[in-house]
Every structure is written in C-alpha cells, then in structure tokens.
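The structure appears below as structure tokens.
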Amino acid sequence: MSSTTGTSPAAAEWTLNYPGVDFSSATVTAGPVAVASSKLVSCSAGMGSATCVLWGDNELTIANGVAAFVSLAISGFTTDTTSQVQISSDMAASSDAFPFASSATGGTVTIVQPAELNGFTCSPSSLTPPAVSTCTVDLNAAAPSGGASVGVSASLPDVSLPAAITIAQGLTSGAFTVTPLTVTTATATNLTVSYLGATEGFGLTVNPPPIALTGISVTPGAIFSGQTASGAVTISQPAGAGGVTVALSSSSPAALVPASVTVLPGATTAAFTATAGTVAAITPLVITGAYAGVNATANLTINPIVPTGVSVNPSAILSGQTASGTVTISAPATGGGMAIALSSSNAAASVPAWVTVAQGATSASFTATAGTVTTATSVALTASSGGVNMGANLTVNPIVPTSLSVSPNVTFSGQTALGTVAIAAAAPFGGITVALSSSSSAASVPSSVTVPQGATTASFTVTTGSVTTATQVVLMASYAGASVTASLTVNPPISLSGLSLNPDWLSGGQTAAGTVMISAPAGIGGIVVTLASSNNAAATVPSSVTILQGSATGSFTVTALNVSRATTVAITASYAASQKMEHLTVRRYGAAN
C-alpha cells in the first residue's frame with residue numbers, strides 16, 4: 001500500500017479482498033512512511049478479506065511512499081499459478097479530519113507451486129559387498145530457492161546411507177550412495193525418500209559378502225629337521241554347504257604341506273600340518289594359502305639338528321682309566337638316527353670316530369679312554385655335525401706312587417726287609433716301572449720295581465749293610481714327577497747277650513732248661529744260635545736253637561747222662577762273632593746233693 005503525490009493524509013482506511021481458495025490469510029504491517037509518522041495498522045480479518053485502518057497522531061501526516069505491507073499465506077489447496085487481489089472502500093482524512101479524495105486498484109499475484117516427488121530408483125537393486133548402489137530422486141519441477149531437502153531412510157539397519165540429500169536450486173534430481181553392511185544371508189530392505197509430506201520407496205536386496213581367505217598361520221615359526229608345525233587357515237565367514245577348499249603350497253621342499261585343506265560347513269578355520277625335512281643349514285621358507293584369487297602367507301624356518309653340548313664325567317682321569325662322554329643334540333634324531341663325529345686333540349685320550357644318537361633320542365653316550373702319560377695332560381674332546389662343533393675338556397693325569405712301606409721298618413746289619421710301593425690306580429698295559437733309591441748304603445734297593453698291568457702294588461727286597469751304630473735310612477719311590485718315601489732303621493749286627501741254665505746241676509737222666517738271649521729281636525727268618533757241650537758223655541744239647549722273628553730269646557733242653565762221679569760240663573752258645581758259656585754239674589745218679 002502506497003500513498004502518492006498530493007496533500008499528505010493523517011489517516012487512511014481500506015478493505016483488502018483475496019480468493020480464499022488461493023490464500024488462507026493476509027497479514028498487514030506498517031510501511032516505512034507510516035512508521036516514520038508514528039502510525040499504527042489495525043485490521044479486522046474475515047474470510048477472503050481484511051479491513052485495515054492506518055491511524056495515529058493526527059498532527060503527523062503520512063509522507064508519500066510505502067504506507068503498509070501485505071503478506072498473503074498461500075493455501076495448501078490452491079492449484080492456481082496466479083490470483084487476483086483487490087483493494088476497495090478506500091478512504092483518507094487530513095490532520096483536521098476532513099476527507100481526502102482517494103483511489104485504489106488491485107493486482108495479480110503470481111503463485112509458484114512447490115516441486116513434488118516424481119520418482120525414486122536405485123541401481124543396482126541387489127548388492128554384494130563391497131559393491132555400492134547409486135540412488136536417484138526426481139522432482140516434477142525445479143527445486144526452489146535454497147534447494148529441496150529430501151529425507152532418506154531404510155527399513156533395516158543393513159545399509160549405510162545419508163539421512164537426507166539436498167537437490168540444488170533449479171535442479172530436478174539428486175543422487176546418493178547406498179553402502180551395504182555385513183549380513184550372513186540375503187536380506188531385503190526398503191528405502192524411503194520423503195519431501196513435503198510425500199514419500200516414495202524402493203526395495204534393495206543386500207547379499208552376504210563373498211567368502212574370502214583372511215589369513216594363514218604356522219606355529220611355532222621355527223622347527224628342527226623332522227619336526228612338525230601346526231598350521232591354520234582362516235576365512236571371512238562360516239563356510240557354506242560343501243565347505244571351502246584352500247590350496248596350500250610351500251616355497252621349499254624343506255617343509256611339506258598337504259595340497260589343500262577344507263574348511264568344513266559352518267566353520268571359519270581349518271588346521272593342517274607342516275612337516276620339516278632334513279636340512280644342513282637354517283632354511284627360511286613361506287607357506288602359502290590360496291582361495292578365490294586371494295593369497296595369504298606365513299613364514300616358517302627349518303633349523304638343522306646340531307650338537308648343543310658334549311660333556312665328560314669325570315672330567316679328570318688317570319692313565320688307563322675311562323670316562324663317560326655324552327653328546328646332546330638340538331632336537332630328537334630323525335629316522336635312522338643321527339651320526340655325530342667325535343675327535344680328540346691329543347693321543348692321551350682316545351674316543352670313537354662316531355657316535356649315533358638313536359631315532360627319537362636327543363643324546364648318546366661314548367667312552368673316552370686315557371692313554372699313558374707322565375705329566376697331567378689336558379685333552380679337548382669335540383663333537384661335530386652340520387658345521388657346529390661342541391667341546392668338553394678332559395684331563396689325563398699320570399698314575400703316580402701314593403705310598404711306600406717297608407717291613408720291618410727296624411732291622412739289623414745283614415738282614416733284609418720287604419718294601420712295597422702302591423700306585424694311584426691299576427697299572428695300564430705294560431705296567432708301570434717305579435724308580436727306587438736309598439739315602440744310605442746301610443740299606444740297598446733295586447733301581448726300580450714294575451707294578452704289573454692291572455695291579456696297584458709291587459714289592460721289592462731291602463738289603464741292609466754293615467753298621468756300627470743305628471742308622472736311619474730313607475727309601476724313595478719315584479714316577480712321573482711324584483715321589484713317596486719310607487724310613488728304615490738299620491741297627492748294628494745282633495749278638496748274643498746271655499746264656500742261662502736252670503738248674504745248673506743235674507743227676508744222670510735229668511734235664512735243665514737252657515735259654516739264649518740276643519741283643520735285639522730277631523729279624524725276618526729268625527736267628528739260629530749254635531749250641532755245644534764240652535762233654536757229650538755227661539750232658540748233651542741240640543746242635544742249635546732258633547730264635548724266632550721278633551723274639552729276643554730262644555729255649556733249648558740240656559740232658560744229663562749217667563756219670564761215675566760229678567762232672568762239670570761247659571755249655572756254649574755261639575752266634576756270629578759272639579759266644580756265651582755256662583757250666584753245668586752232672587752228678588752220679590743217686591748221689592747225695
């Protein structure tokens with residue numbers, strides 16, 4: 001509503017008429033010139049019309065210009081593209097309330113009808129991941145200013161799609177993408193688009209994704225020759241009827257796998273076995289599973305079975321003795337067993353050239369035999385296979401004298417004693433010759449004595465010389481740098497120290513006890529003392545008496561014979577250069593004392 005050139009009114013009134021089928025209501029607000037003059041608009045609305053008054057302080061008049069704005073609400077029932085709007089009963093008044101001449105005219109209102117949905121399709125209509133479907137929404141007219149926002153929804157949560165799309169202003173169609181989610185069976189879902197209260201639908205089928213090989217594993221990742229590893233293949237979803245057959249292969253004959261493995265219906269994994277062959281060096285390889293153009297791989301390393309240790313017990317032995325050796329390997333021996341080469345760094349200990357670890361075992365025993373050595377000798381024993389050497393040390397010690405004894409250890413000039421030398425272990429083949437020596441000529445020994453093979457002792461004779469005083473002699477036995485000693489005391493020669501007769505008179509036919517005494521106990525074999533009677537017709541004695549070993553006295557018997565008168569008889573005992581004499585009186589038988 002505008003006022004035109006002329007005298008400015010202070011108030012105005014008019015009636016707005018419009019078709020009710022095209023417009024549901026009308027709203028009138030004051031325009032710029034009315035607001036500037038502090039005027040208000042009041043309207044009384046009816047069906048298809050509105051009578052309005054522009055009023056306020058009459059002292060303020062309305063200048064030329066827009067006095068009021070009219071806004072018409074388009075009816076939802078209209079199908080018209082234009083509609084006539086008329087203004088009638090118009091009046092105006094001056095500031096002193098005099099009427100003004102006025103005129104009003106109507107006009108044509110253009111009605112822009114909204115665009116409507118005019119089609120909804122998606123292609124393809126059946127989806128198998130990872131494929132997507134492109135959906136197109138059509139309008140029967142160009143989208144209005146600001147575009148057309150079309151809502152999008154699905155009946156099931158099996159697809160991913162936007163909640164709405166906007167068809168740009170002036171365009172008649174728009175598109176969006178539908179992405180299928182994972183389902184286990186073919187699933188139908190209905191897509192719906194909505195715009196301005198209208199909806200259209202389209203049906204999609206979402207298929208389960210194709211079964212794919214997702215992985216292969218081998219445990220453990222490293223095994224030894226002849227061992228096995230556990231393998232497994234995995235697929236993306238449970239296998240259907242008939243299962244899923246996955247082809248298998250190995251990049252090296254060092255490990256064998258079956259040509260294929262089948263994942264049973266309803267399962268997602270299947271197991272297989274990788275078997276290692278015999279290798280001489282560390283061999284890495286790849287196990288491959290293949291299905292439907294997809295390959296999955298796993299790494300496996302085959303290690304050779306090699307010696308891991310060698311030991312010997314005891315670690316020190318004597319010449320001729322043996323020690324028990326043991327060699328261990330990294331895994332149980334495969335079919336036929338495993339031969340391990342053995343060697344010794346020194347002839348002081350010998351080992352067999354080979355030892356075989358039996359199939360399924362991880363160790364084998366052998367014997368190390370010591371030779372004859374004269375000094376402590378360290379020997380390295382080595383077990384070798386597959387380029388790996390393992391060693392152990394063995395010490396071979398000489399068999400040395402451990403003791404020397406002499407019996408008796410006190411003797412006299414001219415007597416002998418028995419010496420015995422002992423060694424640390426049984427003498428080996430050929431025996432052991434031990435050197436002998438004496439510290440004094442008072443006792444002599446042979447230059448050596450041989451301990452025979454298998455024996456641990458040997459004896460020899462000690463011969464005493466002539467001494468005038470007790471002499472301490474040290475005897476020594478030596479071999480392989482080791483020596484043992486024994487002491488022997490050599491005393492001057494034994495002499496007679498006494499002779500006694502009891503009683504010292506006899507009658508014919510009677511006997512007396514004779515005793516000879518020596519200066520020291522008799523040595524080995526005893527001592528023989530010579531006896532004599534000065535008158536065998538009156539008294540007799542044995543020709544000699546033996547003083548036993550270890551004893552210092554000897555006894556004998558004097559026998560009196562019949563005499564005609566009392567007779568004195570000299571009884572003599574002789575040994576070496578010494579002599580003792582006692583007298584005995586022999587009386588006539590029956591004679592008075």
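The opening position of the sequence shown corresponds to residue 1 in our numbering, with each subsequent residue numbered one higher.
Ideal Cβ placement from N, Cα and C applies to all residues, glycine included.
Item: Determine the contact status of residue 456 and residue 442, defining contact as a CB-CB distance below 8 Å.; Value: no
Item: Identify every residue that forms a DSSP beta bridge with residue 516.; Value: 499 and 554
Item: What does the alpha-carbon distance come out to for the pair residue 328 and residue 366?; Value: 11 Å
Item: If you follow the beta strand (DSSP E) that residue 396 is in, where does it begin and where does it stop?; Value: 388 to 397
Item: What does DSSP give as the partner residues of residue 580 in its beta bridges?; Value: 573
Item: Within a Cβ cutoff of 8 Å, which residues of the same chain sit near residue 340, ignoring the five residues on either side of it in sequence?; Value: 307, 327, 329, 354, 355, 356, 357, 364, 383, 384 and 385
Item: Which residues in the same chain have their Cβ closer than 6 Å to the Cβ of residue 559, if we skip the five residues on either side of it in sequence?; Value: 511 and 540
Item: Return the first residue and the last residue of the alpha helix (DSSP H) that residue 35 is part of.; Value: 32 to 36
Item: Can you grab the Cα-Cα spacing for the pair residue 88 / residue 17, in whole Å?; Value: 8 Å
Item: How far does the beta strand (DSSP E) with residue 86 in it reach, from first residue to last?; Value: 82 to 93
Item: Give a yes or no on contact between the stretch 102 to 112 and the stretch 130 to 140, applying the rule of three or more CB pairs nearer than 8 Å.; Value: no
Item: Output the residue ranges of the alpha helix (DSSP H) runs that lie fully inside the stretch 370 to 452 and measure 4 residues or longer, sorted by chain position.; Value: none
Item: Residue 161 by DSSP, collapsed to three states: which one?; Value: coil
Item: Considering only the alpha carbon of each residue, which of 162, 231, 225 and 250 lies closest to residue 281?; Value: 225
Item: When burial is assigned at 16 or more other CB atoms within 10 Å of the CB, is residue 319 buried or exposed?; Value: buried
Item: Pop quiz: residue 569 and residue 534 are said to be a contact at Cβ under 8 Å. What is the actual Cβ separation, rounded to whole angstroms?; Value: 6 Å
Item: Just to check, is the beta-carbon of residue 20 closer than 7 Å to a non-hydrogen atom of the ligand HEM?; Value: Of ligands this structure carries none, so the ligand HEM is not represented either.
Item: Do residue 461 and residue 475 have their beta-carbon atoms positioned less than 8 Å apart in this structure?; Value: no
Item: Using the Cα positions of residue 202 and residue 244, report the straight-line distance between them to the nearest angstrom.; Value: 35 Å
Item: Rounded to whole angstroms, how far is the Cβ of residue 81 from the Cβ of residue 108, which I believe are closer than 8 Å?; Value: That pair is no contact at about 10 Å.
Item: Here's the rule: buried if 16 or more other CB atoms are within 10 angstroms of the residue's CB, otherwise exposed. What is residue 429?; Value: exposed
Item: Report yes if the C-beta distance between residue 86 and residue 106 is below 8 Å; otherwise report no.; Value: yes
Item: Express the C-alpha separation of residue 104 and residue 28 in angstroms, rounding to a whole number.; Value: 16 Å
Item: Could you compute how far the alpha carbon of residue 482 sits from the alpha carbon of residue 452?; Value: 19 Å
Item: Count the other C-beta atoms from every protein chain shown that fall within 10 angstroms of the C-beta of residue 321, then say buried if there are 16 or more, exposed otherwise.; Value: buried
Item: When the Cα of residue 164 is compared with those of 199, 519 and 293, which residue comes out closest?; Value: 199
Item: Give me the Cα-Cα distance between residue 170 and residue 142, rounded to the nearest whole angstrom.; Value: 5 Å
Item: Would residue 56 and residue 37 qualify as a contact pair, given that the criterion is a beta-carbon distance under 8 Å?; Value: yes
Item: Where does residue 146 fall in DSSP's three states?; Value: coil
Item: Report buried or exposed for residue 611, applying the criterion of at least 16 other Cβ atoms within 10 angstroms of its Cβ.; Value: As shown, the chain starts at 1 and ends at 593. That puts residue 611 outside it, with no answer to give.
Item: What number of angstroms, rounded off, separates the C-alpha of residue 208 from the C-alpha of residue 332?; Value: 49 Å
Item: Between residue 269 and residue 299, what straight-line distance do the alpha-carbon atoms span, to the nearest angstrom?; Value: 18 Å
Item: In whole angstroms, give me the CA-to-CA distance for residue 445 and residue 350.; Value: 37 Å
Item: Assuming residue 78 is part of the beta strand (DSSP E), what are its boundary residues?; Value: Unbroken run through residue 78: none, as it is neither H nor E.
Item: For residue 282, which three-state DSSP category applies?; Value: coil
Item: In chain order, what are the residue ranges of uninterrupted beta strand (DSSP E) at least 3 long that sit wholly in the stretch 97 to 156?; Value: 107 to 110, 117 to 123, 133 to 139 and 148 to 154
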